[in-house]
């Protein structure tokens, strides 16, 4: 199964549209947004031909975001748990580094999806892989906006820079 992972889109509709197109072209079956849409209008482009899940980010100030997401997907609040193709996944924006570390180190999850830092990367710890897809380019994050795809069959994570 191909899973699309995105975070920290911050109302940038051009990048949201590019991410939606990238996931559609990659044959993604599930998309997980790790928070910081910011406003509800930034959620509606994700209404696509896939399962959609989202958590709240620290900049998601409008409470209508939940109802916007729930028109086509699942809004999990501050954090959530998913089973994707047999893999156990925790999803959390990443505002607290201590909570991210606890999720990674607890041994319950195969994957922990986070955002917040805008710095893409993966980290492996005793059978758990943390995936941060990145976000819009805000210093000190050095990279351009990116999203990630996870192949649950192979465990391969691919980062895709978007402009």
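Residue numbers (the working numbering): 146 to 308.
Glycine included, C-beta positions come from ideal geometry on N, C-alpha and C.
With DSSP collapsed to three states, give me the class of residue i.
i, result
"residue 213", "helix"
"residue 219", "strand"
"residue 152", "coil"
"residue 297", "coil"
Using beta carbons (cut-off 9 Å, strictly below), is residue i in contact with chain B?
i, result
"residue 176", "In summary, chain B is missing from the structure at hand, where a single protein chain is found."
Shortest alpha-carbon distance to residue i belongs to which of the options?
i, options, result
"residue 222", "235, 167 and 199", "199"
"residue 254", "196, 227 and 186", "227"
"residue 300", "189, 230 and 248", "230"
"residue 277", "283, 293 and 288", "293"
"residue 216", "196, 256 and 233", "196"
"residue 170", "256, 148 and 238", "148"
"residue 233", "242, 272, 279 and 186", "272"
Please return the same chain residues whose Cβ sits closer than 8 Å to the Cβ of residue i, not counting the five positions on each side in sequence.
i, result
"residue 281", "153, 154, 155, 157, 160, 263 and 290"
"residue 240", "202, 203 and 261"
"residue 270", "249 and 250"
"residue 307", "160, 163, 164, 167, 289, 290, 291 and 292"
Who are the Cβ neighbours of residue i in its own chain at under 7 Å, not counting the five residues just before and after it?
i, result
"residue 162", "190"
"residue 296", "147"
"residue 303", "293 and 294"
Leaving aside the five residues before and after residue i along the sequence, list all residues of the same chain whose C-beta is less than 6 Å from its C-beta, in chain order.
i, result
"residue 220", "199, 211 and 214"
"residue 268", "275"
"residue 192", "217"
Legend entry - Complete runs of the alpha helix (DSSP H) confined to the region 155 to 185 [at least 4 residues]: 158 to 170
Inset, instruction - Pick out the complete beta strand (DSSP E) segments inside the region 223 to 263, 3 residues or longer, and give them in chain order. - result: Fully enclosed beta strand (DSSP E) runs of 3 or longer: 224 to 229, 232 to 237 and 256 to 258.
Inset, instruction - Could you tell me whether the region 263 to 277 touches the region 193 to 210, using the rule of 3 or more Cβ pairs below 8 Å? - result: no
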